[in-house]
Amino acid sequence: MTQNTNTYLTDKKFPFCPGCGHGISINALNKALLELNYTPNDLVVVSDIGCSGLIDPLFATHTIHGLHGRSPALGLGVAMGLAQKQGKKVITFIGDGGATIGLQHILEAARRNVNMTLIVLNNLLYGMTGGQISGLSTQKYKEIIDFEKDIPPFDLIGLAHSSGAKFAVRVNAPNKIKDTLKKAIETDGFSIVEAASLCPSYGMKRMNDLIEVIEDENVLEHDRPATKIVDAEVHSLLEDTPILDQKYKSGLTERKGILIAGSAGGGAQSVARFLAMAGIYAGLESTMKGEYPITVGTGFSVAEVIFDKNKINYTGLPHPDYYIIVTEDGLNKVKSKLSSEGKIYIDEKLVNDELLTQYPNMIAVPFSKMANRKSTALAASTYVLAKENIIPIDALKEAVSTHRLKDIFVDVIEKVIEKY
Numbered sequence: 006m007t008q009n010t011n012t013y014l015t016d017k018k019f020p021f022c023p024g025c026g027h028g029i030s031i032n033a034l035n036k037a038l039l040e041l042n043y044t045p046n047d048l049v050v051v052s053d054i055g056c057s058g059l060i061d062p063l064f065a066t067h068t069i070h071g072l073h074g075r076s077p078a079l080g081l082g083v084a085m086g087l088a089q090k091q092g093k094k095v096i097t098f099i100g101d102g103g104a105t106i107g108l109q110h111i112l113e114a115a116r117r118n119v120n121m122t123l124i125v126l127n128n129l130l131y132g133m134t135g136g137q138i139s140g141l142s143t144q145k146y147k148e149i150i151d152f153e154k155d156i157p158p159f160d161l162i163g164l165a166h167s168s169g170a171k172f173a174v175r176v177n178a179p180n181k182i183k184d185t186l187k188k189a190i191e192t193d194g195f196s197i198v199e200a201a202s203l204c205p206s207y208g209m210k211r212m213n214d215l216i217e218v219i220e221d222e223n224v225l226e227h228d229r230p231a232t233k234i235v236d237a238e239v240h241s242l243l244e245d246t247p248i249l250d251q252k253y254k255s256g257l258t259e260r261k262g263i264l265i266a267g268s269a270g271g272g273a274q275s276v277a278r279f280l281a282m283a284g285i286y287a288g289l290e291s292t293m294k295g296e297y298p299i300t301v302g303t304g305f306s307v308a309e310v311i312f313d314k315n316k317i318n319y320t321g322l323p324h325p326d327y328y329i330i331v332t333e334d335g336l337n338k339v340k341s342k343l344s345s346e347g348k349i350y351i352d353e354k355l356v357n358d359e360l361l362t363q364y365p366n367m368i369a370v371p372f373s374k375m376a377n378r379k380s381t382a383l384a385a386s387t388y389v390l391a392k393e394n395i396i397p398i399d400a401l402k403e404a405v406s407t408h409r410l411k412d413i414f415v416d417v418i419e420k421v422i423e424k425y
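Numbered by my numbering, the letters in the sequence shown go through residues 6 to 425 in order.
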């Protein structure tokens, strides 16, 4: 890649089909930037998927390549991050297909009115995937191809203007694109330029024909100052993270994994976190991770905890050493993972002859009688820790003492140790 003072483009050949209109807009942008005297390091060019997304290697500036329809969202984020740096500019490219996919991102960028220019290369179709119509395909064009003639296109420039864009323009004549882009880039705020573009492979092959079917040119402006972004002074989240020092000693000699299976609201996730903390208090490496549905107030709640004397580089638990199953939701979720290799501690109400026959390592325990529904997982975990001598119970008490319900939790732990 090379770059010289007479161009913002690299020496790479344009990758577009012969006759493609995208090159016209790219050359026009290059000329506009030369007149505005930006340095390459002051520019960030953002693109997405599609024919318009092929521009990344063409610009000798900072470039970002994103998902289809998401370049306005990426550009918005970069522009907000650069808002307090003078002389920087974010220029974002998108096609009419990407604009259809990412319409909400465009409107949000317009609403926020940050300092960014969006260039929409509109060839009336999805060029990279075979010429399908887009949300910007005009009525006149759809009459030619005889498809969805009764569904109007989005007026992207009107929508952007209504959303708050300071400068919104549709330009069709190739000889107007450079000056239009120059004014857009000079705009302090969000500007959008929809530029007509030929697609000789699937769409209009001649500019005169494209002008006949494209929407009329339009210029819409707001007398609105650009949104001022102010960086906030925040402290690191790590500053609020407690440091857990070893206070107890564990007799654990090898890695052990525990799977807790319960229901939403039953405390499985909190108990797993307490166990992981207790492991650290006992001088062990420990991890925990949880799984539950997006309906967090109902359904299963499953958590995994690993203890080890050595560093834990993989947090997966394909074969738990101990299963702690306290509800039917939990049992149904982990039933396919049950194995004869580990010990299965399960509430006695969930046991049947079939399970006992299939898993001779299953141990029925009256977990539901040890505590109320919200504390059953804690009572069951306390029972297993004590029976298996995995970590000291005092370490678990230390962990729960960090919770606002510490008195209740400590009482549950002590009652299990005393009675069971």
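Each residue gets a CB set at the ideal place from its N, CA and C atoms; glycine is no exception.
Bear in mind that the values here come from a model prediction, so they are computed numbers and not experimental data.
Counting C-beta neighbours from all protein chains within 10 Å, is the total for residue i 16 or more, i.e. buried, or is it exposed?
i, result
"G321", "exposed"
"Y319", "exposed"
"G24", "exposed"
"A237", "exposed"
"T246", "exposed"
"H324", "exposed"
"G80", "buried"
"E217", "exposed"
"A178", "exposed"
"P77", "buried"
"E423", "exposed"
"R135", "One point to set straight first is that residue 135 is Gly, not Arg, in the sequence displayed. It counts as exposed."
Over the uninterrupted beta strand (DSSP E) stretch that includes residue i, give me the two end residues.
i, result
"V370", "M367 to V370"
"D2", "Look at the range of the chain in this structure, 6 to 425, and you will see that residue 2 is not part of it."
"Y13", "Premise fails: Y13 is in no beta strand (DSSP E) and is neither H nor E."
"Y350", "K348 to D352"
"S52", "L48 to S52"
"L225", "N223 to E226"
Taking just the CA atoms, how far does residue j sit from residue i?
i, j, result
"V370", "G284", "24 Å"
"V389", "T300", "29 Å"
"H408", "A88", "41 Å"
"C56", "V125", "12 Å"
"S344", "E244", "42 Å"
"R75", "V50", "13 Å"
"A281", "D352", "23 Å"
"P20", "L59", "7 Å"
"G92", "L48", "9 Å"
"H240", "G86", "18 Å"
"S167", "Q109", "13 Å"
"P157", "S139", "11 Å"
"A269", "K90", "48 Å"
"G347", "Y425", "22 Å"
"V224", "A170", "11 Å"
"P45", "I99", "20 Å"
"G335", "G132", "50 Å"
"K420", "V83", "56 Å"
"V415", "V405", "7 Å"
"K154", "G304", "47 Å"
"A376", "V331", "11 Å"
"T143", "L129", "7 Å"
I'd like the span of the alpha helix (DSSP H) that includes residue i, first residue to last.
i, result
"L164", "L161 to S168"
"L289", "Segment: none, L289 is in no alpha helix (DSSP H) and carries neither H nor E."
"A65", "Segment: none, A65 is in no alpha helix (DSSP H) and carries neither H nor E."
"S241", "Note, S241: premise wrong, no alpha helix (DSSP H); not H, not E."
"A269", "Element bounds for A269: n/a, residue is neither H nor E."
"Y146", "Q144 to I150"
"Y327", "Looking at the DSSP string, Y327 is not in any alpha helix (DSSP H); the run it does join, the beta strand (DSSP E), is Y327 to I330."
"D412", "K411 to K424"
"Y381", "The question names Tyr, yet the displayed sequence has Thr at residue 381. Its alpha helix (DSSP H) spans residues T381 to E393."
"T362", "D358 to Q363"
"L249", "From DSSP, L249 is part of no alpha helix (DSSP H); its letter is neither H nor E."
"H27", "H27 to L41"
"A400", "I398 to V405"
"K338", "E333 to V339"
"E217", "M212 to V218"
"G86", "S76 to G86"
Per DSSP, what are the beta-bridge partners of residue i in this structure?
i, result
"I99", "V125"
"A200", "L126 and V176"
"F195", "M121"
"K261", "F312"
"I138", "L130"
"E296", "V307"
"K154", "Paired residue(s): none; K154 is not in a bridge."
"K94", "L48"
How close, in whole Å, do the beta carbons of residue i and residue j come, if the pair is a contact with beta carbons under 8 Å?
i, j, result
"I263", "Y327", "5 Å"
"S275", "P397", "20 Å between Cβ atoms; not a contact."
"L112", "N127", "Contact doesn't hold; Cβ gap of about 17 Å is too wide."
"I219", "A200", "Not quite, the Cβ-Cβ distance comes to about 10 Å (not below 8 Å), so this is no contact."
"G71", "D53", "5 Å"
At least one CB of chain D closer than 9 Å to the CB of residue i: is that the case?
i, result
"A170", "As a matter of chain content, chain D is missing from the structure shown, which is built from one protein chain."
Is there at least one non-hydrogen atom of the ligand MN closer than 8 Å to the beta-carbon of residue i?
i, result
"S167", "Looking for the ligand MN in the displayed structure turns up nothing, as the structure carries no ligands at all."
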